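Scroll down for the structure; my scribbles are underneath it.
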Amino acid sequence: MGFQRLLVLLAGFLLVAGGMVPQVLAAPPSWPTEEGVPVRQWYMGTKDADGTEVRHYVAEYGTEAKPGNTVIVLHGGFGAEHRYLVPAIRPLADSYRFVLYDQRGSLRTPVDSPARISYSALIEDLEQLRQRLGLETVTLMAHSMGNHLAYGYLRAHPERVAGLILVGAVPPSEFGDEKPGFLRDVWRDFSKTDAEAIAERTANWNREWNDRCIAIAVEEGLIPKDWAVRHPLETDPDLRALYVTTDQQKTDFWRMCFTTANTYSGRNWRQMQGGMVYFSNAVAGAVIEDPAYQTATREFWPALKAFKGPVRVIIGSYDNVDLGPTYWPRLVKAIPNARLDTIRNAGHSIWMDEPVAFTQSLRTALEETLGRQ
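This is the structure we're talking about:
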């Protein structure tokens, strides 16, 4: 039998008996991963009153959407961005879908004018995101000043909020009021002595994080020990420049201080994310100076007190937004379905100080607001 004829017969056999040949099945398509977590990235377009479109960066982390597994996560700032929160949600991304986004004017959601940045616009953007996700109600997880966005959304759309998870929660304070309504309500015997004690504790915290920053810089060899003792950080920064000279050193030193301000120990400074180009002072100023924001703050506390859904507060004992904590133990008693979990030896970025304890606390909060997945 000729070689060519043999090939023809063999080809015919394979065509006829194709079902007998093992098939290599293609893997189902999947989204790219960040730090091991699947992430679907997209842009939400909204129209301002003048017809200008703002494109909001959205990132869905974790499992595919299914009923009852979605959490919208609100980053801090105002004017920060979402990426620093990914390590906080990563351990639970196999059970829940976390929808993070950069708020209007933040890093990945630029606007063409500061005039487009307002507190009311932030609230409406969040409402638009709820609608685009097809959610009747939302569970919100907020961090830092993101809590003031969560309170404002609750105030504007109480029927759309299923639950709140408040991390490193800035209290529902009223703008420009030395004794906010929530304090008058939950701490009626609040005295000058109490105010002085809180002020002293805050001053001590400011000195401590400064001292820890210098101590870490000494450990890392950026600053000589004898110089650090003789010249505290705040007294003569020009002298510090004699030792911290390169751009890399300047960035490292800034990161050390940024980390000591946001964590308990500061020695994990190499893992700290955010800050610098990831934060916009212009956005922060535009929102805080917005009269609509200043007015809304007066209604944060009444909105929380009226909310019947689950409210779970997770805060570090060393978090400067409420050292101790001092306010939240009183606040949760006045909110119908609230619970506080204080994590010891943790600062504002709780997951960096106590990752295991934080993950367990967040898991419990999610199960109590969304149910076990």
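Counting in numbering that gives the first Met the number 0, the sequence shown runs without a single skipped number right up to 372 at its last residue. Backbone N, C-alpha and C fix where the C-beta goes; we use that ideal spot for every residue, glycine too. It should be emphasised that the depicted structure is a prediction, and the values quoted were computed from it without experimental measurement.
Rounded separation between Y326 and L182 - CA only: 8 Å
Nearest-angstrom Cα separation, counted from E219 out to L165: 35 Å
Three-state secondary structure assigned by DSSP to R343: In the structure shown, R343 sits in coil (DSSP, three-state: anything other than H, G, I, E or B).
Minimum C-alpha distance to G76 - residue among L128, A48, G167: G167
Cβ-Cβ separation, A333 to D184 (assumed contact under 8 Å), whole Å: 6 Å
Ranges of the alpha helix (DSSP H) found wholly within the segment 276-351, counting only runs of at least 4: 280-287, 290-295, 299-305, 327-333
8 Å Cβ cutoff met for A64 and R154: no
Beta-carbon contacts of L24 that lie in its chain and below 8 Å, excluding the five residues immediately before and after: Any reading at L24 is ruled out, since the residue's pLDDT is 47, under 50, leaving its predicted position unreliable.
Own chain residues within Cβ distance below 6 Å of A285, not counting five before or after: For A285, where only same-chain residues beyond five positions count, the Cβ hits under 6 Å are P113, I116.
Inter-stretch contact at 8 Å, needing at least 3 Cβ pairs: the segment 96-109 / the segment 46-59: yes
Proximity to D210 [Cα-Cα], best of P179, R254, T259: T259
C-beta contact flag for D321 and Y263 at 8 Å: no
Inside the segment 73-132 only - beta strand (DSSP E) runs reaching at least 3 residues: 96-100
Cβ-Cβ distance between T358 and L125 below 8 Å: For T358 and L125, no; Cβs fall outside 8 Å.
Exposure label - G133; buried when at least 16 CB within 10 Å: exposed
Nearest to Q43 (by Cα), restricted to the options E33, D49, A58, T32: Note that residue 43 corresponds to Met in the displayed sequence, not to Gln. Nearest of E33, D49, A58, T32 to M43, Cα basis: A58.
Contact between the segment 200-217 and the segment 264-278 (3+ Cβ pairs under 8 Å): yes
The segment 333-348 contacting the segment 304-316, beta-carbon criterion three pairs below 8 Å: yes
H81 and Y95 closer than 8 Å at C-beta: The answer is no: Cβ separation not under 8 Å.
Buried versus exposed, by CB contacts within 10 Å (16 or more), W388: Outside the displayed span of the chain (0 to 372) sits residue 388, for which this structure offers no information.
Beta-carbon gap between P179 and S190 smaller than 8 Å: no
Test item: CB-CB of V38 and T32 under 8 Å: yes
Euclidean distance between Cα positions of V310 and R338: 6 Å
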